[in-house]
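Presented below is the structure to which this report refers.
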Amino acid sequence: MSDKISGSCLCGAVTYEVQNDFKRFYFCHCGQCQKITGSAHASNLMTEPDAIKWTAGEAHKKQFNYPDRDFTVVFCTECGSGLPFVTKSGKALIVPAGSLDAQPNIQPNNNIFWAERASWYDDGKLANKCEGFPS
Ligand SMILES: [Zn+2]
Ligand SMILES: [Zn+2]
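Position 86 (the sequence shown) corresponds to 88 in my numbering; numbering is contiguous.
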């Protein structure tokens with residue numbers, strides 16, 4: 003029996019518990035993930051579909067299915083934060099790593115759709131590191 007960890011959206015309307023027994027952890031650099039996150043890549047953990055238990059706010063979940071590629075996003079209708087969802091095939095639960103409130107059991111192990119990565123991604127990793135805003 004693995005440990006459970008909790009997750010939530012930014013506003014706290016939606017909360018869940020998930021088994022901390024993830025199998026895969028991918029950074030997805032595809033064009034759709036850049037749009038959805040407004041950032042360089044999605045950070046998605048994958049596990050079994052029945053590993054999750056919603057603990058609050060299921061009515062605040064909204065799902066969007068992108069028509070041209072097998073691509074889904076679920077988000078909080080109040081704050082827009084990405085939330086876990088089961089893939090169309092029903093075979094996997096995708097958990098956005100940033101929605102977790104604790105450390106997952108594994109580290110990222112693949113950068114997928116690497117060729118689609120943002121043109122500024124590689125240079126961005128070399129940029130100055132600041133505790134807050136730059137002085
Ligand atoms: Zn929210
Ligand atoms: Zn993607």
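Heads up, the beta-carbon is just placed ideally off N, CA and C, and yes, glycines get one too.
Here the structure is a predicted model, which means the values were calculated and not measured.
Closer than 7 Å: residue i CB and nearest ligand 1 heavy atom
i    : result
C32  : no
S8   : no
A120 : no
E80  : yes
Alpha carbon of residue i to alpha carbon of residue j, nearest angstrom
i    : j    : result
K189 : K25  : Any property of residue 189 remains undetermined from this structure, which presents the chain solely from 3 to 137.
T79  : F29  : 24 Å
N46  : S137 : 33 Å
Buried or exposed (CB count within 10 angstroms, at least 16 for buried), residue i
i    : result
A104 : exposed
M3   : Confidence is the limiting factor: at M3 the pLDDT is only 48, short of 50, which leaves the residue's position unreliable, though a coordinate-based value still follows. Counting Cβ neighbours within 10 Å, M3 comes out exposed, since fewer than 16 surround it.
N111 : exposed
R119 : buried
Anticipated Cβ contact below 8 Å, residue i with residue j, distance rounded
i   : j   : result
V97 : P86 : 4 Å
F73 : Q34 : 5 Å
Problem set entry | Inside the segment 74 to 111 only - beta strand (DSSP E) runs reaching at least 3 residues | Within the segment 74 to 111, the complete beta strand (DSSP E) runs of at least 3 residues are 95 to 98.
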